[in-house]
Amino acid sequence: MKLAYWMYAGPAHIGTLRVASSFKNVHAIMHAPLGDDYFNVMRSMLERERDFTAATTSIGDRHVLAHGSQERVVDNILRKNKEERPDLVILTPTCTSSILQEDLQNFVDRASIISDSNVIFADVDHYQINEIQAADRTLEQIVRYYLDKCHKQEKLDQLLTDTPSVNIIGIFTLGFHNQHDCRELKRLLQDLDIEINQIIPEGASVEDLKNLPKAWLNLIPYREVGLMTAMYLNKEYGMPYISTAPMGAVDMSEWIRQINKKVNTLALSLSSERVDYEPYIDGQTRFVSQAAWFSRSIDCQNLMGKETVVFGDATHAASITKILAREMGIRVSCAGTYCKHDAQWFKEQIQGFCDEILITDDHAEVGDIISYVEPSAIFGTQMERHIGKRLDIPCGVISAPVHIQNFPLGYRPFLGYEGTNQIADLVYNSFALGMEDHLLDIFGGHDTKEIITKSLSMDIGLIWNPESQLELSKIPRFVREKVERNTEKFAQQKGIETITVEVMYAAKEAFNS
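With full-length UniProt numbering, letter number 47 in the sequence shown gets 47, and the count goes up by one each step, no holes.
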């Protein structure tokens, strides 16, 4: 936990609230001071949705603290139980209220005795983990709670469905294009004659969690949320799972082949009919997905060798890196993720597909790498988009944290065969081609800003005299930024404080030699 004015992943309680809000009739109660209660506004604003279970804040003000919080928290739980009749109430503190070190599990135990609803305490460490890790842990905790409960009551049905079926785990509110990805996965699985047993947590009922073990296998589209649940179900109930993200033509084919293999393994033990999905892969790759054709087109070949920087969550950053390098022939100078807890997996996935690997949650460090590399395009989060604006480098947004722009009205999946088309469009449209910029420069275009020296992490104190600024303005825009930065690097190396025309030419000779 650290203080910052920008965080790639929010505080832990937001992850818990996202999972709780995704389920039907599950009510989350935050034990928090005023100021921490922004989740409801964030969800309704970004997802443009009103029909969801809003979180309740049990305010811990000075009056409550003077007498202890237990009575207030328990009263709020019982009030919600009476008003809403939820299936489950989840109590979570925030980072701020965790400082009080109150025994919230004791509050939950007391409320459980009186309440008709199930009540649990979100068992996450608000100091050590972030929003993503908390969401993963909370989902696993809820699934474990209900399956253990049904097991003790001998109500758990583990008989597999007659036909191949799957659970999709990890689709939830405020996810990056999650709803569109879910729709694409539904279409794809329907084509394969695979039944969807459960999708959790989005739109699911906790009372139906007892049916999870009936599926043949579990699909985890995103490593960030759902992997802990899949590992638990694998350990306790022997359910196989696939955690490969079906993103890009190559991994899409691999994902279907993994499903094919696991379905046939179970079909053998159940005396069911074996399946062959190879004709489907061939047909979709050749006739539905245009990505394979595009990668061989002259448009894509014009991008070969161009440098890019990729940054985002582990799933999307790794997948986009492999798509750029393996499927499009585009050079990835640096690929990174802010999911520090999953650094080892990320490094294994992109080894050999990029020049440098960056594991950090410091946006300034990412900005400095981009400034140093000077790529032709960036593929990152909303923060990298802002960095790109400052450096006049185009950016395609490929990962959370989410923004209103990541909830388009049109159909924009990243997964599946339609996702390959969307990604190809995003990649191609993110590059500013030389002729486009040259024409903008000739005809004026939108290049009306004053020529300034840029540095992301610090003010380097260089001064461009009027003659050098005039000379710089004569250079075509599509190479001007590179000339500017190369000149500044040369001046810094030589200890020059004022850049003149002579310094510009000296820098040119130095970099061309």
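Don't be surprised by glycine CBs; every beta carbon is placed ideally from N, CA and C.
Please read these numbers as outputs of a predicted model, since none were measured by experiment.
Per DSSP, what kind of secondary structure is residue i in: helix, strand or coil?
i: Ser-295; result: helix
i: His-13; result: helix
i: Val-309; result: strand
i: Val-503; result: helix
i: Lys-494; result: helix
i: Lys-474; result: coil
i: Val-19; result: helix
i: Ser-205; result: strand
i: Glu-195; result: strand
i: Lys-482; result: helix
i: Asn-118; result: strand
i: Trp-216; result: coil
i: Pro-461; result: For the record, residue 461 in the displayed sequence is Gly; it is not Pro. Gly-461 falls in the coil class under three-state DSSP.
i: Lys-24; result: strand
i: Ile-142; result: helix
i: Ser-253; result: helix
i: Val-275; result: coil
i: Gly-248; result: coil
i: Ser-165; result: strand
i: residue 514; result: Since the first residue shown for the chain is 1 and the last is 513, residue 514 is missing from the structure and cannot be characterised.
i: Tyr-280; result: helix
i: Tyr-241; result: strand
i: Gln-301; result: helix
i: Tyr-232; result: helix
i: Pro-466; result: helix
i: Lys-508; result: helix
i: Arg-183; result: helix
i: Ile-129; result: coil
Which term fits residue i, buried or exposed, when burial requires 16 or more other beta carbons within 10 angstroms of its beta carbon?
i: Tyr-417; result: buried
i: Ser-58; result: buried
i: Pro-375; result: buried
i: Phe-287; result: exposed
i: Ile-171; result: buried
i: Ile-113; result: exposed
i: Trp-216; result: buried
i: Ile-298; result: exposed
i: Met-45; result: exposed
i: Pro-164; result: buried
i: Asn-218; result: buried
i: Lys-474; result: exposed
i: Pro-476; result: exposed
i: Asn-302; result: exposed
i: Pro-466; result: exposed
i: His-13; result: buried
i: Ser-294; result: Here the sequence assigns Phe to residue 294, which means Ser is not the residue at that position. The residue is buried, with at least 16 neighbouring Cβ atoms inside 10 Å.
i: Arg-79; result: exposed
i: residue 514; result: Summary: the structure shown does not reach residue 514, with the chain confined to residues 1 through 513, and so no result is reported for it.
i: Glu-154; result: exposed
i: Phe-407; result: buried
i: Val-206; result: buried
i: Asn-118; result: buried
In its own chain, which residues sit with a C-beta less than 8 angstroms from the C-beta of residue i, not counting the 5 before and 5 after it?
i: Thr-453; result: At Thr-453, the pLDDT of 43 sits below 50, so the modelled position is not reliable; the number obtained from the coordinates is stated separately. Correct list, in chain order: Ile-460, Leu-462, Trp-464, Glu-484, Glu-488.
i: Asp-282; result: none
i: Gln-258; result: Ile-242, Thr-244
i: Leu-185; result: Ile-168, Leu-219, Pro-221, Pro-246, Leu-415, Gly-416
i: Asn-76; result: Ile-29, Thr-56, Ser-58
Considering only DSSP beta bridges, list what residue i is partnered with.
i: Ser-58; result: His-31
i: Arg-331; result: Glu-307
i: Asn-264; result: Note: Asn-264 sits in no beta bridge, so no partner.
i: Gly-336; result: Phe-311, Leu-358
i: Ile-171; result: Pro-201
Who are the Cβ neighbours of residue i in its own chain at under 7 angstroms, not counting the five residues just before and after it?
i: Thr-448; result: Unreliable positioning characterises Thr-448 in this predicted model, as indicated by a pLDDT of 44, which lies under 50. The coordinate reading is nonetheless provided below. Taken in chain order, the list of residues that qualify is empty.
i: Ile-369; result: Val-309, Cys-334, Leu-358
i: Ile-194; result: Pro-164, Ser-165, Val-166
Take residue i and list the residues in its own chain whose beta-carbon comes closer than 6 angstroms to its own, dropping the five residues that flank it on each side.
i: Ala-267; result: Arg-274
i: Asn-429; result: none
i: Ala-377; result: Thr-308, Pro-394, Ser-430, Phe-431
i: Thr-16; result: Thr-92, Ala-122, Ala-134, Thr-138
i: Ala-54; result: Asn-40
i: Gly-226; result: Ile-169, Gly-170, Ile-220
i: Leu-188; result: Gly-416
i: Asn-264; result: Arg-274
i: Asn-25; result: Pro-86, Asp-87
How about residue i: is its C-beta nearer than 8 angstroms to some C-beta of chain C?
i: Met-228; result: No chain C is present in this structure, which holds just one protein chain.
> Which whole runs of the alpha helix (DSSP H) in the stretch 348-415 are 4 residues long or more, in chain order?
Replying inline: 363-373, 382-391
> Which ranges would you report for the alpha helix (DSSP H) in the stretch 75-116 if only whole runs of at least 4 residues count?
Replying inline: 95-98, 104-114
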